[in-house]
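Take 1 as the starting number for the sequence shown in full-length UniProt numbering and just add one per residue. Below is one structure, written out as structure tokens, with a few remarks after it.
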Amino acid sequence: MADNRGVVYLGNGQVEVQSIPFPKMQNPQGKPIHHGVILRVVSTNICGSDQHMVRGRTTAQTGLVLGHEITGEVIEAGA
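Here's what the structure looks like:
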């Protein structure tokens, strides 16, 4: 299976493309999620919020994976 990559906020004005875990249909405690989907990203845009992080104008915690404006193909759906 191909790597799953994301742009990760590292700190003031610093971002980096990193390998990140593939998502699972469960919450952090391991409970199944029945109301969501997992997408294979087809296309994405850069949002103004992402630009603020790249420029260091944010209160976001380090380690945050950027990007929320995507078009994708549903590859898994909750029950």
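Yeah, the Cβ is synthetic: ideal placement off N, Cα and C, and Gly gets one too.
Identify, in the order they occur along the chain, each residue of the same chain with its Cβ nearer than 6 Å to the Cβ of residue i, setting aside the five sequence neighbours on each side.
i, result
"Gly63", "none"
"Val17", "Arg5, Val7"
How long is the line joining the alpha carbons of residue i and residue j, rounded to whole angstroms?
i, j, result
"Gly11", "Ala79", "37 Å"
"Arg5", "Met25", "18 Å"
"Pro28", "Ile75", "20 Å"
"Thr71", "Ala77", "16 Å"
Could you pull out every residue in the same chain whose Cβ sits closer than 8 Å to the Cβ of residue i, ignoring the five residues on either side in sequence?
i, result
"Met53", "Tyr9, Val15, Ala60, Leu64, Leu66"
Report back the beta-carbon spacing between residue i and residue j to the nearest angstrom; my notes put them in contact at under 8 Å.
i, j, result
"Pro23", "Ile38", "5 Å"
"residue 117", "Glu73", "Because the chain is modelled from 1 through 79, residue 117 falls outside the range shown and cannot be assessed."
"Gly48", "Gly13", "Rounded, the Cβ-Cβ distance is 16 Å, inconsistent with contact."
At which residue ranges does the UniProt domain "Alcohol dehydrogenase-like N-terminal" (36-78) contain complete beta strand (DSSP E) runs of 3 or more residues, listed in the order of the chain? Those beta strand (DSSP E) runs which fall completely within the UniProt domain "Alcohol dehydrogenase-like N-terminal" (36-78) and span 3+ residues are 37-44, 70-77.
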